[in-house]
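Residue numbers (UniProt numbering): 1 to 198.
Glycine residues also receive a C-beta, built at the ideal position from the N, C-alpha and C atoms.
What you are looking at is a predicted structure, and each value in this text was computed from that prediction instead of being measured.
Okay, so here's the structure we're looking at.
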Amino acid sequence: MSDTHRASADRVGTERVGTERARTQAPTHRPSTHRGSGDGWAAGPNGSKLWGRFGAAGLFLLSGDSTVLMQLRAPWTSQGGTWGIPGGARDGHESASQAAVRETFEECGIEEADVTVLQEIVTAGPLPGDPERPELAGEWTYTTVLATTADGSELQTFPNAESDDLRWVPIDELEQLDLLAPFAESLPTLRNALAKLG
């Protein structure tokens, strides 16, 4: 763990504006596993498969101090051991924002009410279906949802089994982490979008 990064263990619970309780315990109603209509594979390039029958989405969550919530993916997940943003498969009835916020709740314990969505950006795809693999969905996309914490704080996190670590990392230090390759490739686009938002 780098000294320049704030570890989850160093943070204390924060109280959301308008609530009467501090977030010091994991949400008790968080599902351990989500089985949705989006669970399943889609056709990827060069014979590969990508998770999410209706695509996938992740939450690029910023605090008021310009730190980003980053997730160290558990070893058993796709590209485990790399850092990315919380996210996962999008269900058929969900917008990309709804999927990203749901996945962040499942993986990090952050409540929907604590997130303010700013913009959706398709950062991968759409990828065509594969006629030789008709059992796999086509038109897969990955949408990164730009958002801020509603009160500007670095919210306390409660990792599930998909996360080896969760950290709030300064946005200008993200490249110091071993990043998930597609996330690293999307960073210039995301930074440009944030600059336009002001």
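- Distance check between G129 and each of R35, S37, F54 places F54 closest, using alpha-carbon atoms only.
- Under the DSSP assignment, F60 falls in the beta strand (DSSP E) whose first and last residues are 56 to 62.
- A99: member of the alpha helix (DSSP H) spanning 96 to 108, first to last residue.
- By the CB criterion at 8 Å, W168 and T67 fall inside the cutoff.
- The beta-bridge partner set that DSSP reports for T148 consists of L62, T116.
- For G88, the secondary structure class from DSSP, reduced to helix, strand or coil, is strand.
- In this chain, A137 is not harboured by any beta strand (DSSP E), its DSSP state being neither H nor E.
- Non-local C-beta neighbours of A193 in its own chain, meaning closer than 8 Å and more than five positions away in sequence, comprise Q119, I121, L146, ordered along the chain.
- Look at T123 here: in three-state DSSP terms it is strand.
- Between the region 88 to 100 and the region 33 to 49, the count of C-beta pairs closer than 8 Å reaches three or more; the two stretches touch.
- Looking at the backbone, the Cα of R191 and that of L174 are separated by about 11 Å.
- In the pairwise beta carbon analysis, the region 95 to 115 is classified as touching the region 142 to 160: at least three pairs are separated by under 8 Å.
- Per the C-alpha coordinates, the member of L177, Q98, T123 positioned closest to S186 is T123.
- Distance from the CA of V117 to the CA of D151, rounded to the nearest whole angstrom, comes to 13 Å.
- For A43, there is no enclosing alpha helix (DSSP H); the residue is found in the beta strand (DSSP E) stretching over 41 to 43.
- Around the beta-carbon of W83, 16 or more other beta-carbon atoms lie within 10 Å, marking it buried.
- Contact between L69 and L166 holds: their C-beta atoms lie close to 7 Å from each other, under 8 Å.
- Around the beta-carbon of L197, fewer than 16 other beta-carbon atoms lie within 10 Å, marking it exposed.
- Residues A57, R90, E120, T143, V145 of the same chain have their beta carbon placed closer than 7 Å to that of A96, with the five preceding and five following residues left out of the count.
- With respect to P86, L59 sits close: the two C-beta atoms are nearer than 8 Å.
- Straight-line spacing of the CA atoms in G64 and E154 works out to 8 Å.
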